[in-house]
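Just below is one structure, and these are the notes that go with it.
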Amino acid sequence: MHQGPNASVGGQRFMIWLAIAGAALFAFAYIAMIRFFPPPPADLPADQVALLYSAHNVRFRIGVILGLISGGFLVPISIVISVQMARLEKGVPIWAILQGVTGAIGSIFIWLPVLVWGVAAFSPDRPPELTLIFHEFSWLFYITTLALFPMQLLGIIYLCFSKDEPDNVSAFPRWLGYLTAWQLVQSFGGPMAVLFKTGLFSWNGLLPFWIPFSLFFAWFAAICWTLLRALRCQKAAGA
Amino acid sequence: MQPRIPGEPGIWLLIFGEMTVFAVLFASFLHARHGDVAGFLAGQAHLSKGIGIANTLLLLTSSLFVAKGVDMVKQGDSIHAPRLFAAGLACAAGFVLLKALEYAQLFAEGIAVGSHPFFGWYFALTALHLGHVLIGSLLLSALTLITRKPLTRPLHLALTESAGCFWHMVDLLWIVIFALIYLVE
Numbered sequence: 021m022h023q024g025p026n027a028s029v030g031g032q033r034f035m036i037w038l039a040i041a042g043a044a045l046f047a048f049a050y051i052a053m054i055r056f057f058p059p060p061p062a063d064l065p066a067d068q069v070a071l072l073y074s075a076h077n078v079r080f081r082i083g084v085i086l087g088l089i090s091g092g093f094l095v096p097i098s099i100v101i102s103v104q105m106a107r108l109e110k111g112v113p114i115w116a117i118l119q120g121v122t123g124a125i126g127s128i129f130i131w132l133p134v135l136v137w138g139v140a141a142f143s144p145d146r147p148p149e150l151t152l153i154f155h156e157f158s159w160l161f162y163i164t165t166l167a168l169f170p171m172q173l174l175g176i177i178y179l180c181f182s183k184d185e186p187d188n189v190s191a192f193p194r195w196l197g198y199l200t201a202w203q204l205v206q207s208f209g210g211p212m213a214v215l216f217k218t219g220l221f222s223w224n225g226l227l228p229f230w231i232p233f234s235l236f237f238a239w240f241a242a243i244c245w246t247l248l249r250a251l252r253c254q255k256a257a258g259a
Numbered sequence: 022m023q024p025r026i027p028g029e030p031g032i033w034l035l036i037f038g039e040m041t042v043f044a045v046l047f048a049s050f051l052h053a054r055h056g057d058v059a060g061f062l063a064g065q066a067h068l069s070k071g072i073g074i075a076n077t078l079l080l081l082t083s084s085l086f087v088a089k090g091v092d093m094v095k096q097g098d099s100i101h102a103p104r105l106f107a108a109g110l111a112c113a114a115g116f117v118l119l120k121a122l123e124y125a126q127l128f129a130e131g132i133a134v135g136s137h138p139f140f141g142w143y144f145a146l147t148a149l150h151l152g153h154v155l156i157g158s159l160l161l162s163a164l165t166l167i168t169r170k171p172l173t174r175p176l177h178l179a180l181t182e183s184a185g186c187f188w189h190m191v192d193l194l195w196i197v198i199f200a201l202i203y204l205v206e
């Protein structure tokens with residue numbers, strides 16, 4: 021046990037706080053500057069969509085800049101999760117690698133839509149139909165994260181249930197396994213947004229937006245907390 | 022003796038969370054239906070009650086197999102347990118096949134998600150449930166493999182029970198979906 025990579029506790033703590041700061045800045049940019057929270061209805065006509073980007077255009081574009089600065093916050097946290105996973109794995113830590121790689125690539129679902137919102141806002145006087153394309157592309161990109169996140173979560177779930185260390189000092193307690201499993205199950209609601217423009221299954225609806233986003237932030241807060249707790253214990257143990 | 026809860030507290034968090042989400046969906050379905058009862062009944066007429074009933078029976082039977090399988094695991098029977106889980110898995114495969122058949126029939130009639138709000142709900146609820154069936158099938162496959170050896174650690178038993186509880190939830194949700202979509206008049 022505990023013979024995996026021996027990364028510095030200070031470095032890992034720094035990356036966790038980098039991720040938390042990034043997430044906080046992203047939330048500020050998204051909610052207060054870009055103001056896509058709650059999301060615009062998926063059946064909005066083109067001229068009203070264009071208005072989303074042309075009204076308060078400068079504030080929106082500054083929001084985009086802040087969103088791009090902070091939108092990579094999933095990368096450092098994924099790295100720390102991987103380091104902690106690798107401690108518990110025997111041999112080549114394949115679950116940790118899967119988690120780290122999918123987390124790093126998965127961050128694209130967070131920052132690329134912001135970049136496309138920037139493109140949509142860049143020329144407020146172009147024909148509304150063209151802005152609509154960027155709008156729909158970015159929103160469906162933002163919502164349908166299914167390609168990578170379930171794989172990222174899989175290894176975390178596996179380690180939560182298979183590890184040998186006690187729950188109260190672990191970065192991967194069993195309850196986190198169930199929370200992560202629920203998040204994985206609910207991630208299947210996201211792609212439904214491709215089929216619906218109104219109701220609970222559209223991109224501003226319960227299943228594609230509200231549940232996955234609430235669960236993601238609950239999970240993010242939970243794993244930051246368990247990681248920091250585990251690092252405290254590892255430092256005390258001199259690991 | 023303390024009252025015993027099957028599985029672990031964590032799985033009940035997940036199950037109650039899932040059931041709450043589905044309860045919201047069911048309530049919204051009934052609300053939408055209330056606004057257009059005739060249209061929803063016309064949509065319902067396109068569905069095959071036979072397939073719905075067959076699927077309900079398949080899932081109920083699979084739940085029985087899984088419950089028996091979990092019992093066998095607790096008794097340390099590593100011969101019958103994997104067979105029972107495999108039988109449950111076979112029922113799940115039957116469910117998926119019938120569902121695919123039903124979708125194919127509707128598509129052949131030219132019916133799709135956008136045809137009528139009823140079919141939007143029908144496809145959304147059944148596809149969401151089908152996703153749960155597939156996740157549950159992965160769990161049953163895992164159980165079929167790992168119960169070939171006797172499970173001795175209490176945590177492994179709890180995990181087996183938790184997977185079983187998840188499967189019963191999938192069954193229970195289907196019964197409500199079946200009643201709401203195929204039967205309500």
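Going line by line, the protein sequences match chains Y and S.
Just so you know, the numbering used here puts 238 at position 218 of the first sequence, and the rest follows in order with no gaps.
Just so you know, the numbering used here puts 206 at position 185 of the second sequence, and the rest follows in order with no gaps.
Ideal placement from N, C-alpha and C gives every residue a C-beta, glycine not left out.
A quick note: this is a predicted structure, and the numbers were derived from the prediction, not measured.
task: Go ahead and label residue 185 of chain S buried or exposed: buried means 16 or more other beta carbons lie within 10 angstroms of its beta carbon, across all protein chains shown.
output: buried
task: Specify the secondary structure class of residue 92 of chain Y as computed by DSSP and reduced to three states.
output: coil
task: Use the C-beta contact count for residue 21 of chain Y: other C-beta atoms within 10 angstroms, 16 or more gives buried, fewer gives exposed.
output: With a pLDDT of 47 at residue 21 of chain Y, under the threshold of 50, the predicted position of this residue should be treated as unreliable, and no value is reported.
- prompt: Using 8 angstroms as the Cβ pair cut-off and three pairs as the minimum, do the region 61-71 of chain S and the region 234-249 of chain Y touch?
  reply: no
- prompt: In chain order, what residues of the region 176-205 of chain Y put their CB closer than 7 angstroms to some CB of chain S?
  reply: 181, 194, 195, 197, 198, 201, 202, 205
message: What does the Cβ neighbour count give for residue 87 of chain S, buried or exposed, with the cut at 16 atoms within 10 Å?
response: buried
- request: Could you confirm whether any beta carbon from chain Y is found closer than 8 angstroms to the beta carbon of residue 182 of chain S?
  value: no
query: Helix, strand or coil: how does DSSP classify residue 67 of chain Y here?
result: helix
query: Buried or exposed: residue 48 of chain S, going by 16 or more other Cβ atoms within 10 Å of its Cβ?
result: Classification of residue 48 of chain S: exposed, given that the 10 Å Cβ count is below 16.
- prompt: Using a Cβ cut-off of 8 angstroms, which residues of the region 158-171 of chain Y contact any Cβ in chain S, in chain order?
  reply: none
CB contact check: residue 134 of chain S to chain Y, cutoff 8 angstroms: yes
Cβ separation of residue 124 of chain S and residue 202 of chain S, assumed to be a contact under 8 angstroms, to the nearest whole Å: Contact between residue 124 of chain S and residue 202 of chain S fails: their C-beta atoms lie close to 13 angstroms from each other, not under 8 angstroms.
Residues of its chain near residue 119 of chain S, where Cβ-Cβ distance is below 8 angstroms and the 5 sequence neighbours each way are ignored: Same-chain partners within the cutoff: 72, 75, 76, 79.
query: When DSSP labels each residue in this structure, what does residue 87 of chain Y get in the three-state scheme?
result: helix
query: Between the C-alpha atoms of residue 82 of chain S and residue 109 of chain S, what's the straight-line distance to the nearest angstrom?
result: 7 angstroms
message: According to DSSP, simplified to helix, strand and coil, what is residue 175 of chain S?
response: DSSP, reduced to helix, strand and coil, places residue 175 of chain S within a helical segment of the structure shown.
message: Using only the alpha-carbon positions, how far apart do residue 128 of chain S and residue 62 of chain S sit?
response: 19 angstroms
query: Closest by CA to residue 176 of chain Y, which one among Y:258, Y:100, Y:57?
result: The residue with the shortest Cα to Cα distance from residue 176 of chain Y is Y:100.
message: By the three-class DSSP mapping on this structure, what secondary structure does residue 77 of chain Y have?
response: helix
- prompt: Out of S:134, S:204, S:169, which has the shortest C-alpha to C-alpha gap to residue 213 of chain Y?
  reply: S:134
- request: Answer yes or no: do residue 151 of chain Y and residue 256 of chain Y have a C-beta to C-beta separation smaller than 8 angstroms?
  value: no
task: Compare the C-beta of residue 45 of chain S against all C-beta atoms of chain Y and say whether one is closer than 8 angstroms.
output: yes
task: Using a threshold of 8 angstroms, state whether the C-beta atoms of residue 138 of chain S and residue 57 of chain S are closer than that.
output: Contact flag set, yes.
query: Which term fits residue 10 of chain S, buried or exposed, when burial requires 16 or more other beta carbons within 10 angstroms of its beta carbon?
result: No answer is possible for residue 10 of chain S: the residues shown for chain S start at 22 and end at 206.
field: As assigned by DSSP and simplified to three states, the class of residue 145 of chain Y
entry: For residue 145 of chain Y, the secondary structure class from DSSP, reduced to helix, strand or coil, is coil.
Cα-Cα separation between residue 113 of chain Y and residue 192 of chain Y, rounded to whole angstroms: If you take the alpha carbons of residue 113 of chain Y and residue 192 of chain Y, they lie about 15 angstroms apart.
message: Is residue 209 of chain Y close to chain S? Criterion is C-beta to C-beta, closer than 8 angstroms.
response: Chain S has a Cβ within less than 8 angstroms of the Cβ of residue 209 of chain Y.
- prompt: Using a Cβ-Cβ distance under 8 angstroms, would residue 34 of chain Y count as near chain S?
  reply: no
- prompt: Around the C-beta of residue 251 of chain Y, are 16 or more other C-beta atoms found within 10 angstroms, so that it is buried, or is it exposed?
  reply: That one is buried.
message: Spatial neighbours of residue 216 of chain Y within its chain, please: C-beta separation below 6 angstroms, excluding the five flanking residues on both sides.
response: 222
task: Starting from residue 231 of chain Y, find everything on chain S with Cβ-Cβ shorter than 7 angstroms and list it in chain order.
output: 42
message: Please report the straight-line C-alpha distance between residue 229 of chain Y and residue 185 of chain Y, rounded to a whole angstrom.
response: 35 angstroms
- prompt: How long is the line joining the alpha carbons of residue 183 of chain Y and residue 108 of chain Y, rounded to whole angstroms?
  reply: 7 angstroms
task: Look up residue 138 of chain S in the DSSP assignment and say whether it is helix, strand or coil.
output: Three-state DSSP puts residue 138 of chain S in a helix.
Residue 159 of chain S at chain Y interface by Cβ criterion, 8 angstroms: Closer than 8 angstroms: no.
message: Taking the alpha-carbon of residue 126 of chain Y as reference, which of Y:95, Y:137, Y:64, Y:189 has the nearest alpha-carbon?
response: When C-alpha distances from residue 126 of chain Y are compared across Y:95, Y:137, Y:64, Y:189, the shortest belongs to Y:95.
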